[in-house]
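Quick note: the sequence shown uses the working numbering, first residue 532, plus one each step.
Each remark here refers to the structure printed beneath this line.
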Amino acid sequence: MPKSARNEGRAGALLTVDIGAVVRNWQLLNSKLSGARCAAVVKADAYGLGAGRIASALSWAGCKDFFVAHIDEGVSLRSSLATQRIFVLHGPFPGTEKVFLEHDLIPVLNAPWQLEVWRRLAAKEGRNLPVVLHLDTGMTRLGFTPAETDALLADAAAFTGLDIQLVMSHLACGDELNNRMNAEQHLLFSEMVSRFRATVAPQLPCSLAASSGIFLGARYHGDMVRPGIALYGGAPQEGVPNPMEPVIRLQGKILRLQEVEKGQTVGYGASYRAPVKGRVATVGVGYADGYLRSLSGKAHAYFKGQRVPLIGRVSMDLLTFDVSHLPENAVKPGDYLDLIGKDNPIDTIARQAGTISYEVLTALGHRYYRHYIGET
Ligand SMILES: *Cc1c(COP(=O)(O)O)cnc(C)c1O
532 MPKSARNEGR AGALLTVDIG AVVRNWQLLN SKLSGARCAA VVKADAYGLG AGRIASALSW
592 AGCKDFFVAH IDEGVSLRSS LATQRIFVLH GPFPGTEKVF LEHDLIPVLN APWQLEVWRR
652 LAAKEGRNLP VVLHLDTGMT RLGFTPAETD ALLADAAAFT GLDIQLVMSH LACGDELNNR
712 MNAEQHLLFS EMVSRFRATV APQLPCSLAA SSGIFLGARY HGDMVRPGIA LYGGAPQEGV
772 PNPMEPVIRL QGKILRLQEV EKGQTVGYGA SYRAPVKGRV ATVGVGYADG YLRSLSGKAH
832 AYFKGQRVPL IGRVSMDLLT FDVSHLPENA VKPGDYLDLI GKDNPIDTIA RQAGTISYEV
892 LTALGHRYYR HYIGET
C-alpha cells in the first residue's frame, strides 16, 4: 500500500478511520447469524481503509476467516494474522504454489484448471491441501459452471489430495430484497451443495451471502457469510435505512477564503457563475484523492453541521465550496470542511457521483493524513 501523508499539518485532508466502528459492524452482522460463521472480506486493502489494522482488530473480536482477492494481499495480511484462515479469492496461478504453502494461504479454486494445479501440488506434497471450491450460480465471472460441476462430481478421483473447507457461490442481486434471481441462485446452490455433501462429506460447509445476502434471511446464511462493504459502513440493501455505523470521516482543509462578485466564475470551464456576491472556500482535495470528478455541481460538505454546496468543477487537487451563508469569521484558513462523515454518508456521495459506496471507498487516495481511532 502506498504511504499516506505523515503529518496532519502538512496534508490537505484528514481521513479518520474508526476501527471500533468496523468491529461493532462485524458484531452486529454476527448477531444476525445463528450458527453461521461471520468472515471478513478485506480485499483491496480492506476497501482502501487498511487491511492489516482492520484484520487485527477483527481477529481480536473473534473473526477467524478472512478473504482477500490477490495472492500478495494474502501474503501481506499474514503478517497481521497468526492462525486465522486467509482465503485468496482469485485462486492460484501456475508457479505461485509455493507462496500459498509458505504463508498458509487457502486458494479459492475458480475453474477446472486451478483445481488441476492444486491436485498436482497435493500429489507432489504427498498430503491433503485445504481449498475452497467456488461454484458459479449466475455471475459468470469465476467459479465452476453447472456443467463443470457435473463433470467434477462424476469423476471419482477429482478430489484426491484436496481438503475442501468450503463450497461457495456469490449472489448477483443480493442488494435487492425482491429480486427473484436471489431465490433462483439459492436453489441452484443448495442443489449443488447437496450433491457435494453426498459425494465429499455430509457436513461440508457452504457460503453464499456477502453483506447484502445476510439481510435476505437465515436461509441465505449457510455455514459462513462473507461481508465486506457492511463492515466499512456501506448500506447492504437498497431502499431501506442503513443499519451499519459509519466508519470514515474525511475532512478537507480550507486553503483560502475569498469574496466573489456577482457574475464571477469559479473553476475549470467557468461552469459556475456566482448568482450574487458571496464567499468561496477552496479546499486541498481533488479527484486525485478519490473525490470523484462526477461530483461536480452535485455534492455538499458540512461545516459544524451546516451544509455548504460544492461549486464549480472538481479539480485534481482542489475543491471549491460556497460558504456565503456561514457567518463571517466563522471559518478561517486551516479549518476543515467535512467531505464525508455522519452528515454525509458514503452512500449519499456515491449516489451523487453516479456510483456505489465500494468505489468511493476504494478510490480514497493516499495523500490524506490517516488517523486511526477505536483500536483497543
Ligand atoms: C467482494 C466479495 C465479497 C464481499 O462483498 P460485499 O458486497 O462487499 O459484502 C464476498 N464474496 C466475494 C466472492 C467477493 O468477491
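Cβ atoms here follow ideal geometry from the backbone N, Cα and C, with glycine treated the same way.
Cβ neighbours of residue i in the same chain (closer than 7 Å, five flanking residues each side left out)
{"i": "TYR822", "result": "VAL816, VAL845, LEU850, LEU870"}
{"i": "GLU707", "result": "GLU769"}
{"i": "LYS563", "result": "ILE745"}
{"i": "LYS655", "result": "none"}
{"i": "ASN713", "result": "LEU702, CYS704, GLY705, LEU747"}
{"i": "ASP754", "result": "ALA567, ARG568, PRO736, CYS737, SER738"}
{"i": "PHE690", "result": "VAL731"}
{"i": "SER590", "result": "LEU612, GLN615"}
Cα-Cα separation, residue i to residue j
{"i": "LEU684", "j": "ALA567", "result": "26 Å"}
{"i": "ARG901", "j": "ALA687", "result": "53 Å"}
{"i": "GLY692", "j": "GLU776", "result": "43 Å"}
{"i": "PHE631", "j": "PHE675", "result": "21 Å"}
{"i": "THR547", "j": "TYR903", "result": "6 Å"}
{"i": "ASP694", "j": "LEU664", "result": "10 Å"}
{"i": "LYS835", "j": "ASN875", "result": "12 Å"}
{"i": "ALA582", "j": "THR907", "result": "16 Å"}
{"i": "VAL662", "j": "VAL731", "result": "13 Å"}
{"i": "TYR818", "j": "ARG824", "result": "6 Å"}
{"i": "ASP681", "j": "HIS601", "result": "28 Å"}
{"i": "ASP760", "j": "VAL791", "result": "In the sequence under discussion, the amino acid at residue 760 is Ile, which differs from the Asp named in the question. Their Cα atoms are separated by approximately 41 Å."}
{"i": "VAL756", "j": "SER742", "result": "8 Å"}
{"i": "VAL811", "j": "LYS793", "result": "12 Å"}
{"i": "LEU620", "j": "ASP576", "result": "14 Å"}
{"i": "SER888", "j": "ASP820", "result": "15 Å"}
{"i": "ARG672", "j": "GLN716", "result": "14 Å"}
{"i": "SER855", "j": "GLU539", "result": "27 Å"}
Nearest neighbour of residue i, chosen from the options [CA to CA]
{"i": "PRO733", "options": "ASN713, LEU697, SER742, VAL862", "result": "LEU697"}
{"i": "ALA544", "options": "ILE785, VAL573, ILE877, ARG882", "result": "ILE785"}
{"i": "PRO758", "options": "SER738, VAL572, LEU589", "result": "VAL572"}
{"i": "ASP866", "options": "ALA536, LEU673, LYS534, ALA542", "result": "ALA542"}
{"i": "GLN883", "options": "GLY828, GLY579, THR796", "result": "GLY828"}
{"i": "GLN795", "options": "ILE880, ALA805, PRO774, ALA830", "result": "ALA805"}
{"i": "ALA861", "options": "GLN716, LEU673, LEU788", "result": "LEU788"}
{"i": "ASN709", "options": "VAL771, GLY622, PRO876, GLY593", "result": "VAL771"}
{"i": "CYS909", "options": "ASN561, ARG658, LYS629, PRO625", "result": "Since the first and last residues shown for the chain are 532 and 907, residue 909 lies out of range."}
{"i": "ALA908", "options": "ALA729, PRO643, ASN659", "result": "A question about residue 908 goes unanswered here, because the residues of the chain that appear run from 532 up to 907."}
{"i": "PHE597", "options": "GLY626, GLY765, LYS574", "result": "LYS574"}
{"i": "LEU646", "options": "PRO623, GLU633, LYS629", "result": "PRO623"}
{"i": "VAL648", "options": "LYS629, GLY657, ASN641, PRO625", "result": "PRO625"}
{"i": "PRO858", "options": "VAL814, MET847, GLY809", "result": "GLY809"}
Simplified DSSP assignment, three categories, for residue i
{"i": "GLY583", "result": "helix"}
{"i": "LYS574", "result": "helix"}
{"i": "GLY540", "result": "helix"}
{"i": "SER738", "result": "strand"}
{"i": "PHE727", "result": "helix"}
{"i": "HIS717", "result": "helix"}
{"i": "PHE598", "result": "strand"}
{"i": "MET712", "result": "helix"}
{"i": "GLY764", "result": "coil"}
{"i": "GLY593", "result": "coil"}
{"i": "VAL839", "result": "strand"}
{"i": "GLY800", "result": "helix"}
{"i": "GLU908", "result": "For the chain, the structure presents residues 532 to 907; residue 908 sits outside this window and is missing."}
{"i": "ARG616", "result": "strand"}
{"i": "GLU790", "result": "strand"}
{"i": "ALA588", "result": "helix"}
{"i": "GLY551", "result": "helix"}
{"i": "TYR900", "result": "strand"}
{"i": "ILE887", "result": "coil"}
{"i": "GLN645", "result": "helix"}
{"i": "GLY909", "result": "With the chain covering 532 to 907 only, the question about residue 909 has no answer from this structure."}
{"i": "ASP869", "result": "strand"}
{"i": "ALA703", "result": "coil"}
{"i": "ASP667", "result": "coil"}
{"i": "PRO777", "result": "coil"}
{"i": "PHE624", "result": "coil"}
Same chain, Cβ closer than 6 Å to residue i, neighbours up to 5 away in sequence not counted
{"i": "SER700", "result": "LEU666, THR668, PHE720, LEU739"}
{"i": "PHE727", "result": "VAL698, LEU735"}
{"i": "ARG838", "result": "HIS831"}
{"i": "MET670", "result": "HIS701, ALA703"}
Beta-carbon proximity list for residue i, same chain, < 8 Å, skipping 5 on both sides
{"i": "LEU580", "result": "VAL548, VAL553, TYR763, VAL778, ILE779, LEU892, LEU895"}
{"i": "ARG885", "result": "Correcting the residue type first, residue 885 is Gly in the shown sequence and not Arg. Closer than 8 Å at Cβ, skipping near neighbours: SER825."}
{"i": "ASN659", "result": "ALA653, GLY692, LEU693, ASP694"}
Interface flag, residue i vs chain B, CB-CB below 8 Å
{"i": "PRO876", "result": "No chain B appears in the structure shown, which is made up of a single protein chain."}
With three or more beta-carbon pairs closer than 8 Å as the criterion, would you say the segment 595-612 touches the segment 632-651? yes
Does the pairing of the segment 849-867 with the segment 892-900 give three or more beta-carbon distances under 8 Å? Of all C-beta pairs linking the segment 849-867 to the segment 892-900, fewer than three are shorter than 8 Å, placing the two stretches out of contact.
Answer yes if the segment 738-753 comes into contact with the segment 560-580, meaning at least three C-beta pairs across the two stretches below 8 Å, and no otherwise. yes
Check whether the segment 863-878 and the segment 768-786 touch, using three or more Cβ-Cβ pairs below 8 Å as the test. Flag = yes, the segment 863-878 and the segment 768-786 touch.
Touch check for the segment 796-813 and the segment 827-845: three-plus C-beta pairs under 8 Å? yes
Given 8 Å as the limit, is there contact between the segment 583-597 and the segment 612-620, that is, 3 or more CB pairs closer than that? With the cut-off at 8 Å, the segment 583-597 and the segment 612-620 touch.
Let me have the residue list for ligand 3: C-beta closer than 5 Å to any non-hydrogen atom, ordered along the chain. In the structure on display, ligand 3 does not appear, and the ligands it does have are ligand 1.
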